[in-house]
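Chains as they are written, first to last, in the numbering used here: chain A, 1 to 330; chain B, 1001 to 1330. We put the CB at the ideal spot given by N, CA and C, even for glycine. A quick note: this is a predicted structure, and the numbers were derived from the prediction, not measured. Structure, as structure tokens:
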DNA sequence: CTGAAAGCGCTTACAG
DNA sequence: CTGAAAGCGCTTACAG
């Protein structure tokens, strides 16, 4: 049906080899006159290289699978977006799937990718304790890197942020603005990042500060926490949330109750999603350097692919420094 | 390197044909004893079918490309999510790309997919007037369907919602609750859906109602509109927004200015994104039946693929009825 | 029911 | 610089 390389070669009066060399842009030199004829014939016939055939021959598909907990979560949407712009320059494609926060569906997506055209995988594990086995299984056949979160017992490389620095940045900022009695809202020990942030806050915690662990990274959990906060006789000076979704829940509930922010209490986020700009005033937050992280992830994948043949051991974990985004909630 | 079908066949002591028949699950019957040996050998060797080779042979990749204006927009994230769950049952994959609201990058993404492994395409055109040419170009080689929005001059099938009904539902609801002097906030004539909603409101517009067209579907535009609204001596009874992002901008700005919603003014959204649940109180909105639309989209793609051989003409446009989601902002 | 053979559409040593 | 040939890993008529 469709035009093939054979058709082009015939029309240009050259061999398939030559046609391939000019169309695929091989290094090899080709007589300019012949090349012209090939280009011409190709254009006239509306030739398109069959990507599948090429992939079979070259053993490269340049397709990367991505599994995130959810696409509807603004932060993960940002992660996918960064990955996407990183590889579109690279001439590859991104196959996206969501694990819906369930380890079983995560496993299904992972295995689905493993038996597909995908040649490597990036995963944001949904659960620190339960995501490991499926990731390891799939890592036997494909290069895999963990992004943003890691799962226990997995030796695949990890790219994340320096959560310790993030918390330090935020705490220092708040103290310098005179806020005291910080309330840190941690969540979801199931996620490695969540656990790390709680640990980090313990390091910088002052005597008047407090830590509360809520059941999940969700707006709902933030709302519930806000309601609980209001029941106390005294408001904290600042509510330091370990995720933007939490911050949004806290913020909108407090504001609706008539608490003025930042006058009566400061509220801060974590992740720098667009959600924060929906609030008035906009919230101070931590920005992970997503573009840099995406780049490192893709490179780690490439290293793994090479490593398979060169028997190199790639770096196990890379952490990048986040930035503090100061806005009007502090 | 990797185990191939040949290895399995040899280990099981059968021909490659037989091995293929049992592993690929062809209809053809195979002696159960042989089949067992094949399964066993396959398991022992850790055999994985090479998806690229299979695709080349069967001429099917089951990969669908999706181009949306942005992944960071909650509504499009929902669209992608629906598509994704529709096809993951189908045993296919979704390649995702964002056009960043620019027709030129949309064209680039579209062409990129056309020269890739993707076998069909769904696009949410970024511009009604400028997206057409690239879509038509790509539609020459691949089945393409337009989802949610359509571009002028494109004959590829379109799947969308009945915007007329949507507006009617909302207006009827507001009137039944006693709201008068409705202010309709329309936007972005560049998008077909935006234009349709404005036209629809004109149909149901009462004498005390008003239409304002803002420059874009964005939170910023909503904020600006809210500020303008506050400058008038009298507030409208309800602000009917033609997108959730607009509603969020209007809502959060009004609320921050001390206007109480819905007592002083009602605010409604359009799209049913999760954004609305971030607000307190949550907003009334219109819900497009995304799962149904995703299903229709995938089917339209399949029809197009068949049509290529059967010379059938598929339905040009399918519209689905949205629902009204009543919450506390009205 | 089974196997030998052809072929999907490319790219790339290899020989000239 | 160019072409004939091999081969990537499968599936599927075709013959038995």
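Spatial distance of residue 1071 of chain B from residue 165 of chain A (CA atoms)
29 Å
Residue 63 of chain A: contacting residues in chain B (beta-carbon distance under 8 Å):
Those are 1095 and 1117, listed as they occur along chain B.
Residues of its chain near residue 1257 of chain B, where Cβ-Cβ distance is below 7 Å and the 5 sequence neighbours each way are ignored:
1230
Collapsed DSSP secondary structure at residue 179 of chain A in the structure displayed
coil
So with CB distances below 7 Å, who are the chain A contacts of residue 1256 of chain B?
280
So if I threshold CB-CB distances at 7 Å, which residues from the segment 215-235 of chain A count as touching chain B?
The segment 215-235 of chain A vs chain B, Cβ under 7 Å: 219.
What residues match up with residue 67 of chain A in a beta bridge as DSSP calls it?
A/97 and A/123
Start-end ranges of the alpha helix (DSSP H) lying completely within the segment 181-267 of chain A, minimum 4 residues:
192-204, 219-231 and 244-256
Report the three-state DSSP secondary structure of residue 1033 of chain B (helix, strand or coil).
helix
Quick one: what does DSSP say residue 1019 of chain B is sitting in, helix, strand or coil?
helix
Taking the straight line between their C-alpha atoms, what separation do you get for residue 144 of chain A and residue 1154 of chain B?
40 Å
Under three-state DSSP, which class holds residue 58 of chain A?
helix
Alpha carbon to alpha carbon, what distance is there between residue 1104 of chain B and residue 152 of chain A?
If you take the alpha carbons of residue 152 of chain A and residue 1104 of chain B, they lie about 43 Å apart.
Reduced DSSP secondary structure (H/G/I, E/B, other) of residue 1300 of chain B
helix
Cβ neighbours of residue 301 of chain A in the same chain (closer than 6 Å, five flanking residues each side left out)
120, 143 and 145
Under a CB-based cut-off of 7 Å, is residue 327 of chain A close to chain B?
no
Out of A/107, A/175, A/57 and A/49, which has the shortest C-alpha to C-alpha gap to residue 5 of chain A?
A/49
Nearest CA to the CA of residue 96 of chain A: which residue from A/124, A/178, A/185 and A/183?
A/124
Between the segment 248-257 of chain A and the segment 196-211 of chain A, can you find at least three pairs of beta-carbon atoms closer than 8 Å?
no
Segment contact, 8 Å Cβ cut-off, at least three pairs: the segment 1033-1052 of chain B with the segment 1078-1091 of chain B
no
If we ignore side chains and look at the alpha-carbon of each, how far apart do residue 28 of chain A and residue 22 of chain A end up?
Just so you know, the alpha carbons of residue 28 of chain A and residue 22 of chain A end up roughly 9 Å apart.
Along chain A, which residues have their Cβ under 9 Å away from the Cβ of residue 1056 of chain B?
Within chain A, the residues near residue 1056 of chain B are 50, 52, 53, 55 and 56.
Indicate whether the contact test is met: 3 or more Cβ pairs, each with one atom in the segment 1232-1244 of chain B and one in the segment 1172-1187 of chain B, closer than 8 Å.
yes
With a 10 Å radius around its C-beta and 16 neighbouring C-beta atoms as the bar for buried, classify residue 326 of chain A as buried or exposed.
exposed
Min CB distance residue 1081 of chain B to chain A below 7 Å:
yes
My understanding is that residue 273 of chain A touches residue 244 of chain A, with C-beta atoms under 8 Å, so please give their C-beta distance in whole angstroms.
5 Å
Own chain partners of residue 100 of chain A with C-beta closer than 6 Å, once the 5 adjacent residues on each side are dropped:
Closer than 6 Å at the Cβ level, and outside the excluded window around residue 100 of chain A, lies no residue.
Whether residue 1261 of chain B touches residue 1329 of chain B by CB criterion (7 Å):
Contact flag set, yes.
Evaluate residue 17 of chain A with the Cβ neighbour count: other Cβ atoms within 10 Å of its Cβ, from every protein chain shown; 16 or more gives buried, anything less gives exposed.
exposed
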